[in-house]
Amino acid sequence: MIELQALTKTYGGRPVVDEVSARFARGTLTAIVGSSGSGKTTLLRMINRLVEPTSGRVLIDGQDAGRIPEVSLRQGIGYVIQGYGLFPHWTAARNIGVVPTLLGWPEARIAARVTELLQMLQLDPAEIAGRYPHQLSGGQAQRIGVARALAARPDVLLMDEPFGALDPLIRRQAQRDLAQIRRQLGTTIVLVTHDMNEALYLGDAIAVMRHGRFEQFDTPDRIIRAPATAFVADLVGETGRALRLLALHPVGSLSRAGEAEGEPVDVAASLSDALAEMIWTGRDRLPVTDAQGQRLGIVTREDILARGRE
Amino acid sequence: MTALRWIILIGVTGGLILFPALFEPLLRPFAPAGGPAIYDRASLASLTVSHLALVALAMIPSTLIALSLAILVTRPAGAEFLPMARVLANIGQTFPPVAVLALSVPLLGFGARPTVLALFLYGLLPIFENALAGLRAVPGSVLLSGKAMGMTPRQVLAQVEMPLALPLILEGIRISIVIALSTATIGSTVAARSLGEVIIAGLTSNNPAYVIQGGVLTGCIAVLLYDAFGLLIEIAKRLTGREPQQAA
Ligand SMILES: Nc1ncnc2c1ncn2[C@@H]1O[C@H](COP(=O)(O)OP(=O)(O)OP(=O)(O)O)[C@@H](O)[C@H]1O
Ligand SMILES: [Mg+2]
Chain Y
1 MIELQALTKT YGGRPVVDEV SARFARGTLT AIVGSSGSGK TTLLRMINRL VEPTSGRVLI
61 DGQDAGRIPE VSLRQGIGYV IQGYGLFPHW TAARNIGVVP TLLGWPEARI AARVTELLQM
121 LQLDPAEIAG RYPHQLSGGQ AQRIGVARAL AARPDVLLMD EPFGALDPLI RRQAQRDLAQ
181 IRRQLGTTIV LVTHDMNEAL YLGDAIAVMR HGRFEQFDTP DRIIRAPATA FVADLVGETG
241 RALRLLALHP VGSLSRAGEA EGEPVDVAAS LSDALAEMIW TGRDRLPVTD AQGQRLGIVT
301 REDILARGRE
Chain F
311 MTALRWIILI GVTGGLILFP ALFEPLLRPF APAGGPAIYD RASLASLTVS HLALVALAMI
371 PSTLIALSLA ILVTRPAGAE FLPMARVLAN IGQTFPPVAV LALSVPLLGF GARPTVLALF
431 LYGLLPIFEN ALAGLRAVPG SVLLSGKAMG MTPRQVLAQV EMPLALPLIL EGIRISIVIA
491 LSTATIGSTV AARSLGEVII AGLTSNNPAY VIQGGVLTGC IAVLLYDAFG LLIEIAKRLT
551 GREPQQAA
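If you read the protein sequences in the order shown, they are chains Y and F. All residue numbers for the first sequence refer to this note's numbering, where the first residue is 1 and numbers rise by one. All residue numbers for the second sequence refer to this note's numbering, where the first residue is 311 and numbers rise by one.
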């Protein structure tokens, strides 16, 4: 768990992060959303002390981060830097292995971990491991950045606009991959983004940041239903709220017994995806299957519409 | 093309040093009638060795000091020394080596020492400026990455900054060495043993053959070292992943 206590950073007397207090529960993903210059990066960097707080504290699992030696604190926290910051003179494999190397892992263990991570991130080790950063596409470089941050199995992962530089298609894929792997990891993740949709899609909790403060720190559901300020409402957008709510919930949450015809929908797909499928194919009920293709039941249009009105 | 260049350079240099007699027919037309065409007061080989020794004695401390200065002023704590370091390195360059020789002979006496001093001072600036440029060219995001991964400042320097700056550092050393090789010839005016001795002997005894063999040998060694450093720089770039595997 990460706890911020009245965390403050001032530059030249001007507060950039202003007495922020919050708790990020263990194993959750908290998305920090806000416009440029609102203090997101500064807040994130106070967690691994790349920026020293002017006042206030960060507690990681109850321990004051200010008292943990910088180097060991950072080796225990994964950091995906804005713009990736891969080491240009090292291969992808060596980039990924940097923290394990610093920690003195035996070489065979590092190599095994690198292969494991590349596979987890859908990269072919034989093809990618030996490449230098300038030989990687943006999407590949981004994934190497994530793999590097995860290499030493940190309990905490900080991600600063990890998908900001990707084209929309690759970005969707990368977001899906992250949603997927975080379930296997159990890592506490803090992710900074400009993009409210990304925050809603990935976050268990969302902090909307403005002028160095959290305007609202809440579940995605509450952020959509009950924006605390005009700024939050503005970020969420006036239109399409019902659809956005539906996008937050998986088909599995409304799955019931029954029979239905046609192409099935995955249990992990969102309700908005299911609704779109119904509109497109002119059906009012869809079979639900799990990842292995096993029939689980059905989902109906009435149920989805009722959920959207809640 | 490059192979031919290497063969010619090594051939001329090696030939002049080891078998100067072979060049007698070529140099004969430039020698005064009846006079010697090949320098005979000392062997070209031993003069080359002393010449290179002068350069090495100057370049090793020059490199160490200029590099240390560049590292110092690129640390947060050393940033304030940058203007001072610049002045220091610039003084070395603005003083012509001849002036350094003239001024230091009364203190250091005749021979190798004033020459080494002049070459040392003259070599500082190119190495310093290139190392500085190399260290400064390391992207901020890469430095931050190192820090964020939990590297100590020392590890960031040794594992990230130095390898990335290496090609430019070598470039600086290359420039300084080439300058030092040619400048070392004037050391012979204060009785340092170098290939300059041959050139000066040629000038004073009106024997262009001496001037040519001294000049050509010095020049060839300079170009050889220049090319050798070029290779080193290529290797450094390749090892640090900045050269595309297939040259376009
Ligand atoms: N080292 C610094 N010195 C002075 N001001 C700084 C420093 N670092 C950040 N700031 C200022 O603090 C404010 C917040 O910066 P920060 O990088 O945290 O914003 P951000 O929310 O991450 O923005 P972006 O979305 O553009 O990345 C900005 O106004 C920035 O200019
Ligand atoms: Mg930022």
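For every residue, glycine included, the Cβ atom is placed at its ideal position computed from N, Cα and C.
Option in the options with minimal Cα separation from residue i
i	options	result
F:M472	F:V448, F:I483, F:G433 and F:G460	F:V448
Y:A318	Y:L296, Y:A257 and Y:T300	Lying outside 1 to 310, the shown extent of chain Y, residue 318 of chain Y is not represented and no answer is given.
Y:Q142	Y:T30, Y:I96, Y:E107 and Y:A111	Y:I96
Y:G262	Y:G56, Y:L286, Y:T229 and Y:A31	Y:L286
Y:A260	Y:G83, Y:P106, Y:G297 and Y:E3	Y:G297
F:G450	Y:K40, Y:L86 and Y:V71	Y:L86
F:G344	F:N516, F:A366 and F:I545	F:N516
Y:I181	Y:E107, Y:L243 and Y:L121	Y:L121
F:L337	F:I348, F:V408 and F:R315	F:I348
Y:T239	Y:R225, Y:H249, Y:V251 and Y:T229	Y:R225
Y:I77	Y:L7, Y:I110 and Y:A65	Y:A65
F:E334	F:Q523, F:A538 and F:G444	F:Q523
Y:I32	Y:E302, Y:T193 and Y:Y132	Y:T193
Y:L215	Y:I2, Y:E19, Y:G12 and Y:I128	The identity of residue 215 of chain Y in the sequence shown is Glu, whereas the question assumes Leu. Checked all of Y:I2, Y:E19, Y:G12 and Y:I128; the closest Cα to Y:E215 is Y:E19.
F:R464	Y:A257, Y:V71, Y:V265 and Y:V267	Y:V71
Y:P88	Y:I110, Y:I144, Y:G62 and Y:M46	Y:I144
Check: residue i C-beta below 7 angstroms from any heavy atom of ligand 2
i	result
F:K547	no
Local conformation of residue i per DSSP, three classes
i	result
Y:S21	strand
F:P554	With a pLDDT of only 49 at F:P554, under the threshold of 50, the placement of this residue in the model should not be trusted; the figure read from the coordinates follows. If DSSP states are grouped into helix, strand and coil, F:P554 belongs with coil.
F:K547	helix
Y:V16	strand
F:L442	helix
Y:F231	helix
F:M461	coil
Y:M209	strand
Y:T10	strand
Y:R75	At residue 75 of chain Y the sequence reads Gln, which differs from the Arg that was named. Correct three-state label for Y:Q75: helix.
Y:S55	strand
Y:Q294	coil
Y:R285	strand
Y:R109	helix
Y:M1	coil
F:P407	helix
Y:L29	strand
Y:G138	helix
F:I348	coil
F:R315	helix
Within chain F, partners of residue i - CB distance below 8 angstroms
i	result
Y:I81	S451, L454, S455 and A458
Y:L50	L454, K457 and A458
Y:W90	G551
Y:L102	M459, G460, M461 and Q465
Within chain F, the residues that residue i reaches when beta carbons sit closer than 7 angstroms
i	result
Y:V98	M459
Y:Y11	Here the premise fails: no neighbours, minimum Cβ distance about 17 angstroms.
Y:R74	A458, M459 and G460
Y:G85	S451, V452, L454 and S455
Y:Y132	G551
Proximity test, residue i beta-carbon vs ligand 1 heavy atom, cut-off 7 angstroms
i	result
Y:V16	yes
Y:H211	no
F:S451	no
Y:H89	no
Y:G37	yes
Y:G85	no
Y:G145	no
Y:Y11	yes
Y:G56	no
Y:H249	no
F:H361	no
F:L456	Residue identity check: residue 456 of chain F is Gly in the sequence provided, not Leu. F:G456 Cβ: outside cutoff for every heavy atom of ligand 1.
Y:G186	no
F:G388	no
Y:G34	yes
Chain-ordered neighbours of residue i on chain Y, where CB pairs are closer than 8 angstroms
i	result
F:P473	H89
Chain-ordered neighbours of residue i on chain Y, where CB pairs are closer than 7 angstroms
i	result
F:T462	V71
F:V359	The premise fails here: F:V359 is roughly 37 angstroms from chain Y at the closest Cβ pair, so nothing lies under 7 angstroms.
Any non-hydrogen atom of ligand 4 closer than 7 angstroms to residue i Cβ
i	result
Y:H134	Ligands present in the displayed structure are limited to ligand 1 and ligand 2, and ligand 4 is not among them.
Interface partners of residue i on chain F, CB under 9 angstroms
i	result
Y:G252	Chain F residues near Y:G252: none, gap ~37 angstroms exceeds 9 angstroms.
In chain order, what residues place their C-beta within less than 7 angstroms of a heavy atom belonging to ligand 2? Y:K40, Y:T41, Y:Q82, Y:D160, Y:E161 and Y:V192
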